Amino acid sequence: MRDILRRPRYFSIGQDKRQDDRGQEKPPRDAPEDIWTKCLKCNEVLYVRELENNLKVCQKCGYHFRLSSNERITYLADPDTFSREGEGILPVDPIGFVSLEQKYATKLEETQAKTGLTEAAIYGMGRIENSPAVFFVTDFRFLGGSMGSVYGELLVRAAQLAMKKKAGLITVSASGGARMQEGIFSLMQMAKTSAVLADLAEARLPHISLLTDPCMGGVTASYASSADVVIAEPGALIGFAGPRVIEQTIKQKLPPDFQTAEFLLKHGMIDMVMPRRELRLVISKLLRLYNN
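Under the working numbering, residues 32 to 323 are what the sequence shown spells out, in order.
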């Protein structure tokens, strides 16, 4: 709580304050860039430490910033309970894909170095509000969170781990869809992941799916929507094809809130829209209900 209430060090008593037209403090001209950020929705200047203490949700408009997979685990799993699995399973270039810019294998290496991840998804065993669960979390920074063959294999192993441990499966999806650089091997993951979730359901173990911004394409069309409970974060973009492609196809203007989490809830496509701060409690309650 002290961190939330603490004022930035360069606004201490005796220092000159700069204010905007609404009387709110603005960052000094010489302030380090990593101290302040701007909300992508309302353009409010935000103090990074306060934003992080608020789980990266804008204090002014409620915009939910995107999270890395590690941040998501930190916010959901109980401290020091998550044990990662499958780190040695690495993506390859099954069809020798080459774009106009570079080889897929080279792009993989660059992305791995930039993000510190080996693949767009991580999984492992942990606890949430003391309830055991297997977490499968994707990271949009890694090639748009696209689902390739290793991504699909990691989800299969996550579901198998849940069945072995007789625990619930929590999937958190942030993805642009199938990874086209792997061709048919990528598209096959839609059937593969859906099949293992059928096994999970037959074992009477819960699958809770959390859709975050964005969740599109083959991920939405497969495992992310095949869950006992489908939850979305406020304002998340969720769908298959993008709205621009749909408008060009049907030659009609779409509603302004089309493919948002709120639109999907209104039309019965998901079960609930839940603010980030409430996710831990809600998901843990659902797990306990299914386990009783």
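Positions of the beta carbon are idealized from the N, C-alpha and C atoms, including for glycine.
Since we're looking at a predicted model, the values are computed, not measured.
* Going straight from the alpha carbon of Leu231 to that of Ser225, what length do you get? -> Cα to Cα, the separation comes out at about 10 Å.
* Using a Cβ-Cβ cut-off of 7 Å, state whether Thr68 counts as contacting chain D. => This model lacks chain D altogether; it includes just one protein chain.
* Asked: Based on the DSSP output, what are the partners of Cys246 in its beta bridges?
  -> Ser206 and Ile269
* Taking the Cβ atom as the reference point for each residue, do Gly179 and Gly207 lie within a distance shorter than 7 Å? -> no
* **Residues bridged to Leu200 (per DSSP)** => Val165 and His238
* Distance between beta carbons of Val261 and Ile314, contact taken as under 8 Å -> The C-beta distance from Ile314 to Val261 rounds to 12 Å, too long to fall under 8 Å, and the pair is not in contact.
* To do: Starting from Val79, trace the alpha helix (DSSP H) both ways and give me its first and last residue.
  => Val79 to Asn84
* To do: Alpha carbon to alpha carbon, how far is Ser253 from Ala234? Give it in angstroms, no decimals.
  => The C-alpha of Ala234 lies about 19 Å from the C-alpha of Ser253.
* **Member of Glu278, Phe96 and Leu242 whose CA lies at the smallest distance from the CA of Val304** => Between Val304 and the set Glu278, Phe96 and Leu242, the nearest pair of CA atoms involves Leu242.
* Below 7 Å between beta carbons: does that hold for Ser100 and Val168? -> yes
* Asked: Quick one: complete beta strand (DSSP E) runs, 3+ long, within the stretch 117 to 162?
  -> 152 to 159
* Between the C-alpha atoms of Asp109 and Leu312, what's the straight-line distance to the nearest angstrom? -> 11 Å
* To do: Would you mind working out which of Leu77, Tyr135 and Asp65 sits nearest Arg210, comparing C-alpha positions?
  => Tyr135
* Asked: Which partner residues does Thr68 have in the DSSP bridge list?
  -> DSSP, once it has assigned bridges, lists Leu77 as partnering Thr68.
* Asked: In chain order, what residues of the same chain lie with their CB nearer than 7 Å to the CB of Ser257, ignoring the 5 residues before and after it?
  -> Ser225 and Leu228
* Check Ile277 in the structure and name its three-state DSSP category. => helix
* Asked: From Leu139 to Asn323, what distance separates their C-alpha atoms?
  -> The straight-line gap from Cα to Cα measures roughly 43 Å.
* Evaluate contact between the stretch 157 to 167 and the stretch 118 to 138, counting only Cβ atoms and requiring at least three cross-stretch pairs below 8 Å. => no
* To do: Indicate whether Phe171 and Thr146 have their beta-carbon atoms separated by less than 7 Å.
  => no
* Asked: Three-state secondary structure (DSSP) at Ser114?
  -> strand
* Determine the contact status of Glu141 and Val181, defining contact as a CB-CB distance below 7 Å. => no
* Asked: Can you check whether the CB of Lys87 is closer than 7 Å to the CB of Glu75?
  -> no
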